[in-house]
Amino acid sequence: MSKTYDIVIQGAGPVGLACAGWLLQSNPHLHLLLLDKNPSDTQKISNIDQRGIAISEGSKLLLETLLAWPQNSPAIHQVNISQKSAFGRATMTRNEIGQDALGYVVRYSDIYLSLRHSLERAKVNYKNFDWQFNAEIKNIYPHMSLETCLIHAEGGLFQEQIANDQHHDYAQTALVGWIEAPDAPKNQAWERFTSEGPLALLPHHKGPGHLNMVWCAKPHTNLFRMGLPAIELMAELQKAIGSRIGKITQIHDLRTYPLGLNVRTQIVKDNEVWIGNAAQTLHPVAGQGLNLGLRDAATLSGCLTPLVNEPKELRQVSLNLALQKYATLRQSDRKTTIGMTDFMARVFATNLKPVVFFRGIALSSLEWLPPIKKALARQMMFGQR
Ligand SMILES: Cc1cc2nc3c(=O)[nH]c(=O)nc-3n(C[C@H](O)[C@H](O)[C@H](O)COP(=O)(O)OP(=O)(O)OC[C@H]3O[C@@H](n4cnc5c(N)ncnc54)[C@H](O)[C@@H]3O)c2cc1C
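Throughout the sequence shown, residue numbering follows my numbering, covering 11 to 395 in sequence.
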């Protein structure tokens with residue numbers, strides 16, 4: 011007879027790890043099982059993704075509560091938005107928004123490892139916490155009773171996932187890597203909308219003169235770019251971004267990721283709940299996927315916390331109520347963030363003349379209407395609250 015738990019989390023990516031951390035922090039006696047696909051020895055985990063991820067101020071504050079904020083995370087002080095071969099440009103600075111930074115850039119591997127180490131350090135305080143490694147258990151039901159909550163945090167990339175209710179292939183890939191551009195202004199990010207998709211250049215952990223690149227385009231275009239000699243690829247990139255970052259001198263570590271939208275409408279079913287990429291996988295255009303997932307995890311741990319002290323006979327009813335409350339609380343933030351990201355991914359990947367024109371107007375009006383700029387920045391930084 012195997013042991014049953016109050017909560018089982020399937021998936022120990024950043025969102026599953028953070029959720030475990032917050033649940034245990036508030037409920038040190040919680041009977042929690044974390045199913046982790048990776049081995050316990052961090053050194054043995056191969057190929058942790060090194061891509062730079064834009065992390066909002068709101069996510070930084072959340073990660074700090076777990077002492078899991080990676081140190082080497084350059085801040086973004088200014089974002090420059092423009093479209094290639096058309097009018098319309100906007101800048102957003104931290105002073106306009108009244109914040110220390112508009113966001114930060116952190117490697118996926120750094121967030122993942124910081125959260126893992128934070129949980130490893132805290133583990134000794136949680137005697138009912140089981141962290142199972144090399145675990146990809148297809149049938150977790152032996153670990154569950156009627157009162158067990160199963161949290162799905164299996165995440166994954168678009169092409170690996172089963173199609174959910176809202177499923178759209180953008181017919182784009184992201185070409186990801188990093189570049190050297192010694193004269194690029196410090197702590198600035200660029201988002202440039204090109205005919206095939208957005209191109210983002212973001213500060214890099216190696217410091218000034220280095221930038222993370224996320225270049226979205228049709229799959230065959232990016233395949234072609236991957237095959238180009240570095241010198242020709244840099245010339246293409248320079249043409250796409252213009253001269254404002256100075257001369258690009260090196261390009262490194264290229265990989266591609268297929269891009270799509272995959273959203274589960276119903277994020278709660280009986281005693282199961284889906285968070286992070288398991289609930290919604292987004293286009294990276296607005297840099298919102300992980301930020302939204304961390305807000306899922308933080309809200310869920312808040313909703314589940316009061317359950318632990320409930321008498322066993324009331325647990326099942328209380329669990330259902332807590333999960334319904336979670337679904338209600340997440341509705342607005344998910345709807346806005348998913349809708350805004352999907353809109354941007356579609357509108358900024360078309361060449362239709364009227365759309366290009368109105369895009370230009372929209373970008374320019376950001377410059378003329380500071381309240382809209384502020385509202386947009388706050389949504390990107392903290393989500394819908
Ligand atoms: C090119 C690109 C750029 C991006 N840029 C940004 C950005 O700038 N800002 C941003 O906020 N987001 C960004 N994202 C999105 C971000 O990477 C994801 O939203 C985030 O990684 C989701 O975290 P997660 O923990 O939900 O899922 P994952 O990171 O996918 O982790 C899930 C974990 O669960 C494990 N797992 C899977 N199945 C099982 C199973 N059956 N049992 C046990 N374990 C399992 C997996 O191995 C993995 O370790 C970007 C994505 C891409 C592709």
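For each residue, glycine too, the CB sits at the ideal point set by N, CA and C.
Measuring from the CB of residue i, is there a heavy atom of ligand 1 at a distance below 8 angstroms?
i, result
"residue 163", "yes"
"residue 135", "no"
"residue 47", "yes"
"residue 318", "no"
"residue 85", "no"
"residue 286", "yes"
"residue 184", "yes"
"residue 217", "no"
"residue 146", "yes"
"residue 297", "yes"
"residue 252", "no"
"residue 231", "no"
"residue 303", "yes"
"residue 291", "yes"
"residue 20", "yes"
"residue 64", "yes"
"residue 340", "no"
Just reading off the alpha helix (DSSP H) that residue i is part of, what are its end residues?
i, result
"residue 251", "240 to 251"
"residue 32", "24 to 36"
"residue 107", "104 to 107"
"residue 231", "229 to 237"
Could you tell me the alpha carbon to alpha carbon distance between residue i and residue j, rounded to whole angstroms?
i, j, result
"residue 159", "residue 36", "16 angstroms"
"residue 263", "residue 62", "12 angstroms"
"residue 31", "residue 190", "37 angstroms"
"residue 15", "residue 302", "27 angstroms"
"residue 128", "residue 205", "43 angstroms"
"residue 219", "residue 196", "8 angstroms"
"residue 43", "residue 156", "16 angstroms"
"residue 51", "residue 215", "25 angstroms"
"residue 88", "residue 137", "46 angstroms"
"residue 60", "residue 339", "32 angstroms"
"residue 46", "residue 122", "12 angstroms"
"residue 17", "residue 209", "41 angstroms"
"residue 316", "residue 68", "24 angstroms"
"residue 93", "residue 309", "36 angstroms"
"residue 314", "residue 198", "39 angstroms"
"residue 329", "residue 84", "40 angstroms"
"residue 281", "residue 290", "19 angstroms"
"residue 194", "residue 145", "44 angstroms"
"residue 175", "residue 296", "22 angstroms"
"residue 243", "residue 235", "6 angstroms"
"residue 179", "residue 319", "44 angstroms"
"residue 13", "residue 139", "12 angstroms"
"residue 222", "residue 321", "51 angstroms"
For residue i, verify whether its CB is less than 8 angstroms away from any heavy atom of ligand 3.
i, result
"residue 330", "Among the ligands modelled here, namely ligand 1, ligand 3 does not occur."
What does the Cβ neighbour count give for residue i, buried or exposed, with the cut at 16 atoms within 10 Å?
i, result
"residue 259", "exposed"
"residue 311", "buried"
"residue 131", "exposed"
"residue 285", "buried"
"residue 240", "exposed"
"residue 192", "exposed"
"residue 203", "buried"
"residue 336", "buried"
"residue 80", "buried"
"residue 73", "buried"
"residue 70", "buried"
"residue 172", "exposed"
"residue 114", "buried"
"residue 104", "buried"
"residue 358", "buried"
"residue 11", "Residue placement at residue 11 cannot be trusted, given a pLDDT of 46 that sits under 50; what the coordinates show is reported in the next sentence. With fewer than 16 Cβ atoms within 10 Å of its Cβ, residue 11 is classed as exposed."
"residue 256", "exposed"
"residue 187", "buried"
"residue 56", "exposed"
"residue 274", "buried"
"residue 324", "exposed"
"residue 110", "exposed"
Between which two residues does the beta strand (DSSP E) holding residue i run?
i, result
"residue 69", "It is not in any beta strand (DSSP E) - residue 69 instead sits in the alpha helix (DSSP H) that spans 67 to 74."
"residue 178", "176 to 190"
"residue 17", "17 to 20"
"residue 120", "Segment 118 to 132 is the alpha helix (DSSP H) holding residue 120; no beta strand (DSSP E) there."
"residue 263", "260 to 273"
"residue 212", "207 to 213"
"residue 90", "88 to 93"
"residue 199", "198 to 204"
"residue 283", "282 to 284"
"residue 141", "139 to 142"
Please specify which runs of the alpha helix (DSSP H), each continuous and at least 4 residues long, are wholly inside the segment 311 to 340, giving them in chain order. Fully enclosed alpha helix (DSSP H) runs of 4 or longer: not present.
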